[in-house]
Amino acid sequence: MLTTTEYAICDTCAVVLVNDDYSGIDSEDLANVEAFASAHLVTHTGEYDPAGYWTCEACESVQIGTGHIFEMEA
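Numbering of the sequence shown is given in the working numbering, commencing with residue 60 and proceeding in unit increments.
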């Protein structure tokens, strides 16, 4: 039986996960994003709109507005 885990990801980190493009990542966030990307094989499944503040699960930065949902099956 597969289980699915969802991750809330900001726009900048979504570019990393979809395109493997780290050029937009701040140097202080780089280690967190690299660790997340190397540990998770994920698929983009849609937009995330929590209507308030939320934390990106890749860079751990506080966000406001929309983001993206990525899923991992295990």
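Note that CB positions come from ideal geometry on N, CA and C, so glycine has one too.
**Q.** For Val101, three-class secondary structure by DSSP
**A.** Of the three classes helix, strand and coil, the one that applies to Val101 here is coil, per DSSP.
Q: Could you say which of Ser97, Phe95, Cys72, Asn78 lies nearest to Asp85 if we only look at CA atoms?
A: The alpha carbon of Asp85 has as its nearest neighbour, out of Ser97, Phe95, Cys72, Asn78, the alpha carbon of Cys72.
Q: Have a look at the DSSP bridge pairing and note the partners of Met131.
A: Met131 is bridged to Thr64.
**Q.** Given His127 as reference, the closest of Leu61, Leu100, Asp70, Gly83 once Cα atoms are compared
**A.** When each option's Cα is compared against that of His127, the closest is Asp70.
Q | Sequence-distant residues of its chain with Cβ nearer than 6 Å to Thr62 (five each side left out) | A | Cβ neighbours of Thr62 beyond the five flanking positions: Ala133.
Q. Between Asp108 and Glu116, what straight-line distance do the alpha-carbon atoms span, to the nearest angstrom?
A. Taking the straight line from one Cα to the other gives about 15 Å.
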